[in-house]
Each structure stands twice: as structure tokens, then as C-alpha cells.
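Each number in the working numbering corresponds to the 1-based position in the sequence shown with 723 added.
Glycine residues also receive a C-beta, built at the ideal position from the N, C-alpha and C atoms.
This structure is a prediction, so every number in the text was calculated from the model and none was measured.
Read through the structure below, which is laid out as C-alpha cells, and then see the notes.
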Amino acid sequence: MPLVLPPLVGMCALSLSYLYWQGEEDNVQAKNALNFEVAADQVAYNLKDRMATYEVVLRGVKGYFEGSERIDREEFKTYVEALQLQETRPGLQGVSLILHLFEPQLDLHIADMRRRGFPHYRVFPPGARAAYAPITHIEPLRGDNVRALGFDTLTVPAAREALERARDSGELALSAPLTLLQNDTSTTAAQPGVVMYLPIYAPQADTSTQLVRRAGLVGWVSAPFRAGDVIAGMARELDPDIEITLYDGVAKPGGLRLYGPSADTAPVAPGGGRGVAPSRQALRTLQIGGRTWTLQMQPTPSFSLRHREDSHYMIAAVGGTLGLLLSWLTWLLATGRERAVALAHGMTAELRATRDDLESTLNAIPDLLFELGLDGRIHHYRSARSDLLAVPPEMFLGRLISEVVPPEAAAGCHAALEAAHHTGYSAGHQYRLELGGTTHWFELSIARKDAAMPGDEARFIALSRDITERKQAEARSHQLAYFDGLTGLPNRRMLLDRMEHALHSALNAAQVGAVLYIDLDNFKQLNDARGHTVGDALLMQVAQRLTQQLRPGDTVARLGGDEFVVLVHNVASDMDSAGRAALLVAEEIRAVLEAPYTIATHLYSTTGSIGITLFPKRGEGVEDLLREADTAMYRAKDLGRNRIRFYEAAMQADVQERLALEQDLKKAQAEGQLAAFVQSQVDATGTVVGGELLMRWTHPVRGNVPPSRFIPIAEASGLILRMGDWMIQQACETLARLQAAGRELSLSVNVSQRQFRQDDFVERVRHVLAHTGAHPGNLILEVTESLLIDDLDDTIARMTEIVGLGVRFSIDDFGTGYSSLAYLKRLPLFELKIDKSFVQDTPDDRSDTAIVQAILSVASHLNLRVVAEGVETRAQADFLVQNQCECLQGYLFGRPEPLAVWLARQV
């Protein structure tokens, strides 16, 4: 027995040590697995939270576009810079606007974009398609983003699917992996990107069904990014010892990998092969923008080393040694009790170590963690963010939530506790606290804790996360979406909302309100001459003056550019009184705007044209009121600027007629409705020496539309540019035919101010002359005196450059406009044309006779040829010839006739 008992005791002791070691090893592995699962949950939460912030950015940009009548590139740039994307949301390539166009709209869109500062803009890839979705605005507009401007996103299948899904659902849509146009293929070919899209619908569009959402679609706002850039930007929020692989869809070999190591760089499995699934990994599924992402995570060796504990090895070795000693001491029968006590102490120490490790893990969680009872009493507290609390956390223990937070926040916390009590979990409740004089926002998540024993009081674990930065970002987005970025005034979106409320209030209270539409006169000239800095400063001062004129409850808004709207409530109880009161308000505003503006020690002045409409009116909505005030404002400008006009129904009819005429005019040239006519010019003997080219329009329904009706519309709409180019082309081709027939006659062509101011006008004239072979000296360009009002130096320089080509200039309707002898000696002119209003009463009217004689005398001294227009009688012709007028034009010598007929008679 003495020989058997010591080895038996030793074996028992070693077995116990081994069992202890094995149990502790299992505990370590279980704790590592728990730590890994907690870290994986945090990674998934942070990634989804980052995607949510991107969505907040897109919704803010969408609100900005919906609230702006016309998007100015500089304002859009300022808006995006205010978001500070690279600092607050790293990973985003930028934000952009995508317009939805149909094939007939493409040419107008390209022309519009080129006028707005992109002379080489095009929609690509080329090709005819039923619909287009080009990128028209993208910020920041630098680097690789420039290549995306004009790209038709509907040509990419993955993007098309997401665009259509966003259009039909009205919600955020995320694309499948695709190659971003911004990619540098030499460095990022292996890393696909994705794009978020949000649809934009027309204002007041019905979005209740899929069909009407499609009909009301205007475009999308989008945000492209690469998953790798996003995860790199979240480096501080992620555990560096967890390897992340992100898939689009289900994680599987050969799947669509958005981020992570490729198969040939995967960790080596214990068997030696690559690509074998690791012994421990976590999968998390994220639903983002209608697509499923799978997040696959696995710990690196560093993760296991970081959480590794080796103390149980030492304890097991000690246990083994004690077992050997026990087998020896068994002979002495004195050490059995002491060994048992030592083992008990060792196990107690291990339990304490486990408890301390669990507590350190809880303290590592960045959120505020509480254990609560159903009544809201705080039983325990853990957090590494005690600095967020106004008092030491020990003072919370044993107290009710209602005793430590304001009543409003306490009521919400109790509601969340009740929800967690019934469902097991509650999340998303937000509350506000004032801490250290600063407002902080928190988001509360509560989970029910399993009772240790049946019948125990219910306990709950509450996590409170500080979301102050997120709330501040949402507030900034709201400010940018509803208020003007320059002046801080409400923008169009906010104005329409307030007008809606004012209209309902006026109907209910039987009161009359007014909408005043204000446009600054000649602001563009000031902005172009002095720069945007001075222009912006002037706009801010105008906003301040308008705001100071308001009564409490009234609204002043900026719609963009130099347009402001004032909404005045309850000015009177009847329309007559309200009209008088609104006129007084408008007069006060006009007087305030006329006062000089001091900007950087310089004085500037401007005035305002104001249109007024009253409300409520039968069946009219806010868009109708805004349109009426806008129409009245433009009528005030037509009357000479710095005027006030009330809206009248006839104005709208005139606007509609002008719009219909503009649409017909757009089709007129393509359908051959426009024609060139010529009216001959003769010398003193009646011999034809040239002619003036005139445009005529024969409409299939309207008949002959007079030039006085369609030329101003062409000027305002920009159609005059194509029409003017066509007329110069006709003149040069005719001159070439005359030259071929041996006839050296001159042809005059009217050039509008807008056409003359084109950057490439000189080059266009040079090209037509070279292409047709026309002699430049026989081409006379007629300009009006209004051209000389703005930037005379630039006008002289451009005229001089054209005269250098051999072309000659004439001042049309001389004496009716900005008649100044000063410019006659500075301009490189060839002739003056006396307006027919002076000719028609000569020689009977002494005043007109004197004016004509004075013009002829001045022209003679300046060596300028004179053409008298509107000569209809022989007495007029004789008078002009007697006073040495070299050239005559009028019905006396021939009415305007088609160009082909006139040319045939000359050759």
C-alpha cells in the first residue's frame, strides 16, 4: 500500500492539474471568441453608421436642389465645400447631380451647359438613345471628377438598374459594383466602386404611385465611393487586428468582392493550403440601399496574442509540481490538508482574474453603460466616458432616472424600458442633456437581462451613445437645404412652405396678403465689372435692408442670383385696401434699395424692379402666386426698371403668347419658315449700289409675323445667335455669287448686341468669309447705338479686330439712342444710317430737316458714308441728294424682296 498510494496520489494530482488547465484553456478560447464577436458587431455597426451619414449628405443635397429654381455652379460648389466631405466623411469621391433627359432635349441641354462655362461639354458615350442621364454638376470639380462631367450613367448596366430602382421607389438605391469613371486604371483596377442614388422629382409632383413617380422624375443626386477608401477613412473606428472582407451579396469563393485580400493573399490554413476558411470568422449581413452586403471578418494572430492569457499554464505547472510533492509527502501524511488549501486559493485567484478581465472589457466600451431596474433605478454603471457626466458616476447608483435627467428625457427612457420589458430589446430613442453648458444628444439602446433565479426582479442593460456630432451634421444639412448659403435668408423651398401656410391662413381668417417679387436692376453688370466678392457683399446688404423692413411674421427669401421675394401677411381685409397697403410697402422697399451701398470704402448704387400680386384668389396655389409676381416684375423692368407693377390677367396672356411664339420660332428655321429678304440701296442717280439683308418669318398658321414681334423674343431666348449666324452666311454666299458675276455690290447685315458679345464672334466671321470666298469689304455689319453703352473699350477693340479682316461697320438708326459725338471719332466706322423717323417729315418739318442736315454735315467732316432709311417720296429723295446724302433706301426705290429674286435681277 505505501508503494501504490504515492504514485496514485501523484497521478490524481496531475490529472486534476490537467483538467484545470484544459478548463482554463477552454475559458480563454471562449473569451477570445466573445471578444471577437463583440469587435465584429462594432465593425458592422460602424460601417452601417457611416453609410447612414452618406445618406444624410445625399438627402441634404437633394433638398438643396429641390429648393433651388436654377442651380448655379458657384453656389453648388460653396454648398459642397460647407459639408467638408474629406474631413467629416472620408471615402466619398464627391456629390453630383444627374439630369433625366429625353432625346429631343439633348441639344438644348448641351447648349445650356456650354453657355454656363463648359465650352467643350458633351454627353458621352456618343450615340442616339431614348433617354439620357448625364452628370451635370459634380463637386469637388477637380482631379478625376472632371472626367465624369457629361457622362451618361444610363449606359452602365449596374448604374442603370440602381437609377431605375431609385426612380420607381422614391428611396435611396445603391448600385452593384462597377468601375468608377474617376478610377485611375493603373492603380485601382482591382478595386470596384459603388454609387448611391436619390431621385429628385418635380416640385409639387405626385409621388404616390410608381407610374406618377416616373412621370415626375427630374433627376438624381449621387455619391460615388470605393469601399476601400471608406474603410481606410474609418481606420480609427475599426479594430486593426481584424481582417475585413466585404462582398456584394453572399460571401462565397469567386463572389463580388468590394474590399479585402484576394484569394492568393488569404491566410495560410493549418494544412498548408491557401483560401481555406479560417478556424474562426464572423459574417454580418447589411441591407443598404436595396442591396445586401456581407461583411466577413476573421482575427489576425495579433488579435489572439492581444487577448491571450498564460497564467493558467503556470498554475497547471504548479499543480503538477504539487502533485509530485504530494506523492512524496504522502509518506509523511502531513501535507494533504495544506495542498487542498493551496489549490482552493489558486482557484479563487483565477476567479478574481476572470472577474477583473470581464470588468476591463466592459470599461473598454466607449458608450455609457448602465444596469437598471424596471422602475428606472440605477444599480450598476460602467463606462470609459465618465467625462461626459456632470457629476461622478457613484452619485447615480441607487437613484432613479427621473432624479438625474430632465423630465422630458426621463419620460422617454421609461418608455424605452417598458418596450424592452415587453419585447426584450429597445433601440433608437434619442434625448438631450445640457452638460457643462453644452447641449449633448444621446441615443439609448436597452436590452432585457436574463434573471439569475426564477422570480428575481427584471434587470436591463442600457447603452447610451453620444450622437452629438451626427445631430450637428443633420442640423447643418437642414440649414443648407432650407436657407440660402450666402445671405442666410430662406430659400425657394422654405418660401413655398411659408407661402402655403400664409395662403391657408388668409383663407381661414378672411385677410388679404401680398407677394412682392424683387429683382435688382443692372446687378449683372456690377457683378461682372467688380467681381463676385463685391456682388456678394451687395446681396448681403440688400438682404439686411429687406429684413429690417419686415414686420414680425413676414418673410423675405432669396430665390437665387439677384432675385428676392417678400411675403407680407394680413395687410388688409379687402383687395382695394390691401393693394394700397402693398404699394406702400413696395415704395418703402424701393426707397431703401436706392440708398448707396458702402463696400470696402467704395459707394455703389442699384435699384429694384418690383412685381406685386395679392392673395387669396380663387383656385390659385403658391406656384401661381409666385409666377404672377414674377410676371409683374418683368413688366416693371420693361417699363424702364426701378418701377412697381401689380399683376394683371392680361400679363399672363402676353407671357403665354410670347412663350408659344418662342416655341414656334425654335422650329421655324429647321422647317424653312425663315427667309432672307433684301431691300435695295441706291446712289443719287438711282443706281443700285447694295442692299440691306432682312429676315422674314412666314408661319403656317400665324401667317407673316412682323420682325418687331419675333426679333425681341429671339434676343431674349438666345435664338438670335443661330439666326444671326445664318444671316451672315446668306450675305457672304450672295456676295460671292455677285463677285462671280462681276458685280461689286455691298450687303448690310444687322448684328444683335448678344451676337456681337459672343467670345468667338470674330472667329465666326473670319470662318464664313474664308469658307465662302466673299470679299470682306463688301460686307457691312450694322450695330445699334445701345451696343456702345456697355464696355465701350471692349466694343472698340472687337470692332477694330473685325475691321482688320476688311469688314466695315455701320451705326443703324443713328440719332435715336445713345447719340454721342465722342464715340464717332473713336469707333472704326464706315457709315451712319439716318433713322426713318427723321426722314419721313423732311423737307416740310424744320426740326427734322435741321437734324438730317446736321448728321450729314458731321458725317462729311468725319469721312463717313450716310444711308437715309425710309425714303418714300421724290421730295424726300431730292432733299437728301441736294444735301450730299450718298445712299438712299426706302419704298420709293423698292420694297424688300426675297433674296433669290433680288440676286437674279442683279446678275
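Cα-Cα separation, Met919 to Glu778: Mapped onto the sequence shown, residue 919 falls at position 196. Mapped onto the sequence shown, residue 778 falls at position 55. Looking at the two C-alpha atoms, the distance is approximately 8 Å.
Entirely within the segment 820 to 884 and at least 4 residues each: give me those alpha helix (DSSP H) ranges in chain order. 829 to 838
Cross-strand partners of Gly1236 (DSSP beta bridge): Residue numbering aside, residue 1236 sits at position 513 when the sequence shown is read from its first letter. Answer by DSSP bridge pairing, in chain order: Phe1338.
Grouping DSSP H, G and I as helix and E and B as strand, with all else coil, what is Gly671? The requested residue 671 does not occur in the structure, where the chain is confined to residues 724 to 1630.
I'd like to confirm the pairing. Which residues does DSSP put opposite Arg812 in its beta bridges? Indexing the sequence shown from 1 puts residue 812 at position 89. Paired residue(s): none; Arg812 is not in a bridge.
Where the beta strand (DSSP E) containing Ala1463 begins and where it ends: For this step, residue 1463 is matched to residue 740 along the sequence shown. Premise fails: Ala1463 lies in the alpha helix (DSSP H), Ile1443 to Ala1463, not in any beta strand (DSSP E).
Between Tyr1370 and Gly1334, how many whole angstroms is the CB-CB distance? I'm expecting something under 8 Å. By one-based count along the sequence shown, residue 1370 stands at place 647. By one-based count along the sequence shown, residue 1334 stands at place 611. About 7 Å separates the two Cβ atoms, so the contact holds.
Work out the CA separation of Leu921 and Gly1496 for me, nearest whole Å. Position 773 of the sequence shown, counting from 1, holds the residue named residue 1496. Position 198 of the sequence shown, counting from 1, holds the residue named residue 921. For Gly1496 and Leu921, the distance between alpha carbons rounds to 55 Å.
Using CA atoms only, rank isn't needed, just tell me which of Val1474, Ile1169 and Val1345 is closest to Met1418. By one-based count along the sequence shown, residue 1418 stands at place 695. Measuring from the Cα of Met1418, the nearest candidate turns out to be Val1474.
Lys1556 lies in the beta strand (DSSP E); which residues open and close that run? Reading the sequence shown from its first residue, position 833 is the one you call residue 1556. From DSSP, the beta strand (DSSP E) with Lys1556 extends over Glu1554 to Ile1557.
Does the distance from the CB of Thr1565 to the CB of Ile1534 come in under 9 Å? If you number the sequence shown from 1, residue 1565 lands on position 842. If you number the sequence shown from 1, residue 1534 lands on position 811. Their beta carbons are not under 9 Å apart, which means Thr1565 does not touch Ile1534 by this criterion.
Cα-Cα separation, Gly1331 to Gly1538: Position 608 of the sequence shown, counted from the start, is the residue given in the question as residue 1331. Position 815 of the sequence shown, counted from the start, is the residue given in the question as residue 1538. Those two C-alpha atoms are separated by around 29 Å.
Of the residues Leu1337, Gln1607 and Trp744, the one placed nearest Ala1591, counting alpha carbons only: For the purposes of this step, residue 1591 is identified with residue 868 of the sequence shown, where counting begins at 1. Comparing Cα positions, the closest option is Gln1607.
With a Cβ-Cβ cutoff of 9 Å, do Gly916 and Leu903 count as a contact? The sequence position of residue 916 within the sequence shown is 193, counting from 1. The sequence position of residue 903 within the sequence shown is 180, counting from 1. Cβ atoms of Gly916 and Leu903: closer than 9 Å.
When DSSP labels each residue in this structure, what does Tyr1320 get in the three-state scheme? Mapped onto the sequence shown, residue 1320 falls at position 597. If DSSP states are grouped into helix, strand and coil, Tyr1320 belongs with the strands.
Just reading off the alpha helix (DSSP H) that Asn1427 is part of, what are its end residues? Indexing the sequence shown from 1 puts residue 1427 at position 704. Taken as a continuous stretch (DSSP letters only), Asn1427 belongs to no alpha helix (DSSP H), being part of the beta strand (DSSP E) at Gly1426 to Val1428.
DSSP state of Ile1190 mapped onto helix, strand, coil: In the sequence shown, the residue the question calls residue 1190 occupies position 467. Coil.
Determine the contact status of Leu1337 and Ala1305, defining contact as a CB-CB distance below 9 Å. Start at 1 with the first residue of the sequence shown, and residue 1337 comes out as number 614. Start at 1 with the first residue of the sequence shown, and residue 1305 comes out as number 582. Contact flag set, yes.
Would you check if the segment 920 to 936 and the segment 758 to 769 touch, i.e. whether three or more CB-CB distances between them fall below 8 Å? no
Under the assumption that Val1472 contacts Leu1442 (Cβ atoms under 8 Å), give the Cβ distance between them as a whole number of angstroms. Locating residue 1472 in the sequence shown gives position 749, counting from the first residue. Locating residue 1442 in the sequence shown gives position 719, counting from the first residue. Their Cβ separation, rounded to whole angstroms, is 17 Å, which puts Val1472 and Leu1442 out of contact at 8 Å.
Could you have a look at Trp1164 and say whether DSSP puts it in helix, strand or coil? In the sequence shown, residue 1164 corresponds to position 441, counting from 1. Correct three-state label for Trp1164: strand.
Answer yes or no: do Ala854 and Leu877 have a C-beta to C-beta separation smaller than 9 Å? Start at 1 with the first residue of the sequence shown, and residue 854 comes out as number 131. Start at 1 with the first residue of the sequence shown, and residue 877 comes out as number 154. Cβ distance < 9 Å, so Ala854 and Leu877 count as in contact.
According to the neighbour-count rule (16 or more other Cβ atoms, all chains shown, within 10 Å of its Cβ), is Asp1207 buried or exposed? Along the sequence shown, read from residue 1 onward, the residue named residue 1207 stands at position 484. Buried is the call here.
Return the residue from the list Ile861, Glu1141, Gln1272 and Arg1221 that minimises the CA-CA distance to Arg1313. As a first step, residue 1313 must be located in the sequence shown, where it is residue number 590. For Arg1313, the nearest C-alpha among the options comes from Gln1272.
Using DSSP bridges, identify the partner residues of His1325. Numbered from its first residue, the sequence shown carries residue 1325 at position 602. For His1325, which the question treats as bridged, DSSP gives the partners Ile1322.
Is Phe1667 helix, strand or coil by DSSP? Missing from the structure shown is residue 1667; the chain here goes from 724 to 1630 and no further.
Coarse secondary structure for Gln1629, derived from DSSP in three states: The count along the sequence shown starts at 1 and reaches residue 1629 at position 906. Looking at Gln1629 - three-state DSSP - the assignment turns out to be helix.
Spatially closest choice to Leu829 from Gln745, Phe874, Glu1380 and Leu1470, by CA coordinates: Against the sequence shown, residue 829 aligns to sequence position 106. Nearest of Gln745, Phe874, Glu1380 and Leu1470 to Leu829, Cα basis: Phe874.
I need the boundaries of the beta strand (DSSP E) containing Asp971, first residue and last residue. Here residue 971 refers to the residue found at position 248 of the sequence shown. Its beta strand (DSSP E) spans residues Ile965 to Asp971.
How about Arg1281 and Leu1212: are their beta carbons less than 9 Å apart? Start at 1 with the first residue of the sequence shown, and residue 1281 comes out as number 558. Start at 1 with the first residue of the sequence shown, and residue 1212 comes out as number 489. Yes, these two residues count as a Cβ contact at 9 Å.
Quick check: Leu1416 and Val1405, are their CB atoms within less than 9 Å of each other? To locate residue 1416, count along the sequence shown from 1; it is residue 693. To locate residue 1405, count along the sequence shown from 1; it is residue 682. Contact: no.
State the beta-bridge partners of Glu1505 as determined by DSSP. Here residue 1505 corresponds to residue number 782 of the sequence shown, with the count starting at 1. Answer by DSSP bridge pairing, in chain order: Asn1473 and Ser1533.
Would you please state the rounded distance, in angstroms, between the beta carbons of Leu1047 and Ser1187? I believe it to be under 8 Å. One-based indexing of the sequence shown puts residue 1047 at position 324. One-based indexing of the sequence shown puts residue 1187 at position 464. At roughly 54 Å, the Cβ-Cβ gap does not stay under 8 Å, so Leu1047 and Ser1187 are not in contact.
Just checking, does the segment 834 to 847 make contact with the segment 798 to 809 on the three C-beta pairs under 8 Å criterion? no
How long is the line joining the alpha carbons of Glu747 and Thr1008, rounded to whole angstroms? As a position in the sequence shown, residue 747 is number 24, starting the count at 1. As a position in the sequence shown, residue 1008 is number 285, starting the count at 1. Taking the straight line from one Cα to the other gives about 33 Å.
Rounded to whole angstroms, what is the Cα-Cα separation between Ala1150 and Glu1141? Taking the first residue of the sequence shown as position 1, residue 1150 is located at position 427. Taking the first residue of the sequence shown as position 1, residue 1141 is located at position 418. Cα to Cα, the separation comes out at about 12 Å.
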